[in-house]
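In UniProt numbering, the protein residues as written are 1 to 659.
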């Protein structure tokens, strides 16, 4: 029994030593697993920090991409605005072309009107020379008539006839004044009758329309009358029928209908009589208007001579239109100045947008450099370095294009300054043209007054010549009658005849002096008119040359403006295309960077998950080892307690055995 206890004790000691070795091994493994677990935890924390940094970088990259997209949209919007401004400028240039064409046409019409005025002046000169020749012929014929009348008057007698001739001459002078007053009255009557004629024509048209309507109504009424007569004749035959037949044939009070028809017939007759009276009044009015029309035609023939004075008013109107066209061209020039100012503002805005783009590119370059440094610090990938170098080259090319656009903006500003100087020169030229135009208006008014005076003097000369001719004819007729009635025995008439002859000769001399004075005045006026016409022609030539110079300058301005717009549009289009290409490349590079960063974040997350899994497994293993150690310690304690109990039992047994 003691041997069994010793065996159990030995086996317990062996198990205790084995568990002690296992516990030592487990402690050594736990000591080795603790630094690994710490390293895994450190790796997990670094992976989490890397993941947070990559996420922040990714958010920054997305924000930069969105800002670049917004800047691209702003550039596209500015390009559209510039395109719209270009279209508006082209439309304005088309309107200026049309205005210049109309101005050219107005100048041509003005030139033709001046040519027509010169022709009319030449015709008036011819008429004046013809009137002077006729006056000389009248003077000659008057002298011949006086020489022929002189021997008849020297024969004597005929005092009463001579006094009657003097009275008739005075009466003729009075009739001349009355005839002038009558002509004025007839002129007023012409205007009054023209208005009456227009009213009469309108009334005639209205009466003709009403007459047509009344004739149609009369025809309808005549048809009704005929049908009524037929009905009455039939009613006369039916009147002899008995009453029941009437009641059978006309059950619905046919007699009242017949009375209504008779009343209508009487009413139609009265209306027809009234319409015939109106037609007679219309006929009378038509005859009166026809007579007035004849009088108006006669007066119109007289008044056609007055319309020659209105030709110059038409030329004056053309000159006013030319002035309005010049003012319109000045407005166009002012509009072009405003366009140049707006273009300068747009150029400044483009410069500011270019500066903003340059700042954005610099920021993108800095961000790319930072990402490059970070990625190089993290991973040395050759392909990524090449991509970064490509991006740097693209940024350099973008800076070069910005430099080119800056130079282009400087050129555009210089051209805008040149255009402003040209517009100032055009303004000064327009002001000089306005001054010339005021001079032209003054000369025009002077010419109009001189032409009016010349026309009045020519009219007076023609009237005086007509009066002289009429007086000479009457004097010759009276002289012939006196020569027939005077007997050769009357010798006392000689003195009175000499007095009458002297009076007539004095009157003819006065009239010839007046005619010579009128002729001198007409020649002086003609010289003045020729001088004024020459001055006007020179002024017109100067204005025409200034107009041609203005057209050439506007054409050059238009060509330069078109070239500037084309160059600006081409440069903007090329800059936009380059910017879009660079933006596309930048977006692609950013997408590659984002995808690579996402891949790296995914890999880091995978590493972090693996590290977490390893840490969890290590914790589980550590917990298992701790449990095993606890179990081993408990088993060692149990075994020790069992050994102590066995030892106590053995010692008790030994004591018992010894006893």
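Where a beta carbon is used, it is the ideal one built from N, C-alpha and C, also for glycine.
Predicted model only: the values in this text are computed from it and were never measured.
Item: Using CA coordinates, which residue listed in 209, 56, 559 and 23 is at the minimum distance from residue 90?; Value: 559
Item: Distance, Cα to Cα, residue 72 vs residue 585?; Value: 13 Å
Item: Can you tell me the Cα-Cα spacing of residue 82 and residue 67, whole angstroms?; Value: 22 Å
Item: Does the beta-carbon of residue 75 have 16 or more other beta-carbons within 10 angstroms, so that it is buried, or is it exposed?; Value: buried
Item: How long is the line joining the alpha carbons of residue 617 and residue 592, rounded to whole angstroms?; Value: 37 Å
Item: By the 10 Å Cβ neighbour count, where 16 or more other Cβ atoms means buried, how is residue 93 classified, buried or exposed?; Value: buried
Item: Tell me whether residue 6 is buried or exposed, calling it buried when 16 or more other Cβ atoms sit within 10 Å of its Cβ.; Value: exposed
Item: Return the CA-CA distance between residue 171 and residue 184, expressed in angstroms with no decimal places.; Value: 20 Å
Item: Measure the alpha-carbon distance for residue 55 versus residue 25 and round it to whole angstroms.; Value: 44 Å
Item: Would you call residue 70 buried or exposed, if buried means 16 or more other Cβ atoms sit within 10 Å of its Cβ?; Value: exposed
Item: Do you know offhand how far residue 87's Cα is from residue 425's?; Value: 26 Å
Item: What's the call for residue 648, buried or exposed, on a 16-neighbour Cβ count within 10 Å?; Value: exposed
Item: Hey, out of 60, 31 and 79, whose CA is closest to residue 577's CA?; Value: 79
Item: What is the rounded straight-line gap between the Cα of residue 19 and the Cα of residue 38?; Value: 28 Å
Item: Leaving aside the five residues before and after residue 32 along the sequence, list all residues of the same chain whose C-beta is less than 8 Å from its C-beta, in chain order.; Value: none
Item: With a 10 Å radius around its C-beta and 16 neighbouring C-beta atoms as the bar for buried, classify residue 96 as buried or exposed.; Value: buried
Item: Compute the Euclidean distance between the alpha carbons of residue 623 and residue 34, then round it to the nearest angstrom.; Value: 12 Å
Item: Taking only the alpha-carbon atoms, compute the straight-line gap between residue 176 and residue 112 and give it to the nearest angstrom.; Value: 41 Å
Item: In whole angstroms, what separates the C-alpha of residue 22 from that of residue 41?; Value: 28 Å
Item: In angstroms with no decimal places, state the Cα-to-Cα distance between residue 186 and residue 195.; Value: 14 Å
Item: Helix, strand or coil: which one does DSSP assign to residue 494?; Value: Low confidence applies here, because residue 494 scores a pLDDT of 47, under 50, leaving its location unreliable; read the following figure in that light. It is helical.
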